[in-house]
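Engineer: Heads up: the sequence shown begins at 101 in the numbering used here, then just goes up one per residue. Glycine included, C-beta positions come from ideal geometry on N, C-alpha and C.
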Amino acid sequence: MTSTGLPESVEAAWGLRERPNRGPKRGLTLEGIVAAAIAVADRDGLDALSMSRVAAELGSSAMSLYRYISAKDELLTLMIDAAYHPAPDPIEGAWRESLTKWAWAELEAVRAHPWVLRVPISGPPLMPNQLLWLESGLRALAHTPLGPADKMSAILLVTGYVRTTATLAADIGTEHDPEVMPIYSAMLRRLINPQTYPELTGILNSGIFDHDDPIDDEFIFGLDRILDGIDALIKQR
Numbered sequence: 101m102t103s104t105g106l107p108e109s110v111e112a113a114w115g116l117r118e119r120p121n122r123g124p125k126r127g128l129t130l131e132g133i134v135a136a137a138i139a140v141a142d143r144d145g146l147d148a149l150s151m152s153r154v155a156a157e158l159g160s161s162a163m164s165l166y167r168y169i170s171a172k173d174e175l176l177t178l179m180i181d182a183a184y185h186p187a188p189d190p191i192e193g194a195w196r197e198s199l200t201k202w203a204w205a206e207l208e209a210v211r212a213h214p215w216v217l218r219v220p221i222s223g224p225p226l227m228p229n230q231l232l233w234l235e236s237g238l239r240a241l242a243h244t245p246l247g248p249a250d251k252m253s254a255i256l257l258v259t260g261y262v263r264t265t266a267t268l269a270a271d272i273g274t275e276h277d278p279e280v281m282p283i284y285s286a287m288l289r290r291l292i293n294p295q296t297y298p299e300l301t302g303i304l305n306s307g308i309f310d311h312d313d314p315i316d317d318e319f320i321f322g323l324d325r326i327l328d329g330i331d332a333l334i335k336q337r
């Protein structure tokens, strides 16, 4: 924490921290450092990220980066905020369509930068882009009868679902490997019997595990059920 009570990464993102005077390496900026770090993480993964690696990307020294960023944790926080493209504008008078658009936009962002999902969430949003995304989601619900707590809970539910779906797809490989489910089906056939697993056997025999359904189909199903629940809550208010 700084003297203002704000984390250093938050001060840096909001421009509340004095920028260093131009050093010997011309063109080095906080924004440029963050962009270079994102490029490293996108290309080589989060494990490859280090201050020295980012410095090499910029043709600079690691020590020169510390004039702008105090530590790798601060860099990660800035990277996550910058990795998300601008939040979508809500559709006037159409909360469900707006939240659908919002959820898909967040999914696209984490798919473009999957390393984002590997950084633990350390607290509520404080970064500029994070708060713009929150504002966008809240604006989608602005003309509904939901109260403040319900609106915040709805947004947290949707964004939690997006992250969980994206993380699961990345972990089990369904995002890129169409053979995952057929292989799983073959394994199940060798392991289960209808006496012990009658319901699962019925599902297996239906053939739904014999091909890999697009992950987007699963995402749509879950998102629609969440929005159905929010719709039911709106009608109760």
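On the DSSP letters alone, give me the boundaries of the alpha helix (DSSP H) that valine 134 sits inside.
Structural biologist: 130-144
Engineer: Measure the beta-carbon distance from alanine 162 to methionine 179 and round it to whole angstroms, keeping in mind my assumption that it falls under 8 angstroms.
Structural biologist: That belief does not hold up - the Cβ atoms of alanine 162 and methionine 179 are roughly 16 angstroms apart, past 8 angstroms.
Engineer: Could you give the distance in angstroms between the alpha-carbon of leucine 106 and the alpha-carbon of tryptophan 233?
Structural biologist: 20 angstroms
Engineer: Apply the 10 Å Cβ neighbour rule to threonine 104 and answer buried if 16 or more other Cβ atoms are within range, or exposed otherwise.
Structural biologist: exposed
Engineer: Reducing DSSP to helix, strand and coil, say where threonine 244 ends up.
Structural biologist: coil
Engineer: In or out: serine 109 buried (at least 16 other Cβ within 10 Å) or exposed?
Structural biologist: buried
Engineer: What three-state label does DSSP hand proline 282 in the structure shown?
Structural biologist: helix
Engineer: Closest to arginine 325 by C-alpha separation, out of Ala171, Thr200 and Asp312, would be which residue?
Structural biologist: Thr200
Engineer: Could you tell me whether the segment 195-213 touches the segment 222-229, using the rule of 3 or more Cβ pairs below 8 angstroms?
Structural biologist: no
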